[in-house]
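Numbering (UniProt numbering), first residue to last: 1 to 218.
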């Protein structure tokens, strides 16, 4: 009977999964979160903020207006309307015309999203992968992560249940060894007639003639 042990996936495979998750997070999730920093509002609210002189910086683009409040804590955008007096109103309320308003999130939020959060995600996934690897490896006492193990399949040949009938030929050797086996099972029968057990048996012959099989059968 042969027992086959299938190779486990290498540690690099699981680290590759973690790396792919982190790359997808930085390419997809982070830009979406950063985009939410700009609040979309209507043109009427924009005009109301002008009247209240609550405009900080203004960036006029081809089809939209991006602006901040006076404290520059919030960033807004609205559609561009046909308003010839818009420039004068903005000057009167003290707005500053900017070529490009920084639409990035605050440094603290940026650090949390691009530094801390991926690190937490990496640690969480790493612990999950380590737990799975230990389960597959047979528990905590097995070699950590299977490092240093061969990926080769191992075939184990069972030596149980081998009989003389499993060995082809060698009838004379099997007959002599059968007497030894019978002596081991029934020693009294032989001692009564004065027979004694030999000190050992030497099996002689070229390789492949069944010497090992005969020894296992005994």
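For glycine and all other residues, C-beta sits at the position ideal for the given N, C-alpha and C.
The model shown is predicted, which means the values in this text are computed figures rather than measured ones.
Secondary structure of residue i, DSSP reduced to three states
| i | result |
| --- | --- |
| residue 60 | strand |
| residue 194 | coil |
| residue 70 | coil |
| residue 78 | strand |
| residue 39 | strand |
| residue 16 | helix |
| residue 123 | helix |
| residue 180 | helix |
Same chain, Cβ closer than 8 Å to residue i, five either side skipped, listed in chain order
| i | result |
| --- | --- |
| residue 57 | 67, 68, 72, 95, 96, 97, 98 and 101 |
| residue 223 | No information on residue 223 is available, as it lies outside the stretch 1 to 218 that the chain covers here. |
| residue 142 | With a pLDDT of only 47 at residue 142, under 50, the local geometry of the prediction cannot be trusted, and no value is derived from it. |
| residue 43 | 78, 79 and 81 |
| residue 62 | 80 |
| residue 116 | none |
Whether residue i touches residue j by CB criterion (8 Å)
| i | j | result |
| --- | --- | --- |
| residue 39 | residue 54 | no |
| residue 18 | residue 122 | yes |
Cβ shell of residue i (< 6 Å), same chain only, five flanking positions each side left out
| i | result |
| --- | --- |
| residue 46 | 78 |
Pairwise C-alpha distance: residue j and residue i
| i | j | result |
| --- | --- | --- |
| residue 48 | residue 23 | 43 Å |
| residue 126 | residue 15 | 8 Å |
| residue 41 | residue 87 | 19 Å |
| residue 132 | residue 120 | 18 Å |
| residue 195 | residue 184 | 12 Å |
| residue 118 | residue 74 | 26 Å |
| residue 25 | residue 90 | 40 Å |
| residue 180 | residue 189 | 12 Å |
| residue 207 | residue 186 | 32 Å |
| residue 128 | residue 37 | 33 Å |
| residue 147 | residue 191 | At residue 147, the pLDDT of 44 sits below 50, so the modelled position is not reliable; the number obtained from the coordinates is stated separately. Taking the straight line from one Cα to the other gives about 58 Å. |
| residue 124 | residue 13 | 16 Å |
Contacts around residue i, its chain only, beta-carbon distance under 7 Å, and the 5 residues preceding and following it disregarded
| i | result |
| --- | --- |
| residue 93 | 50, 53 and 55 |
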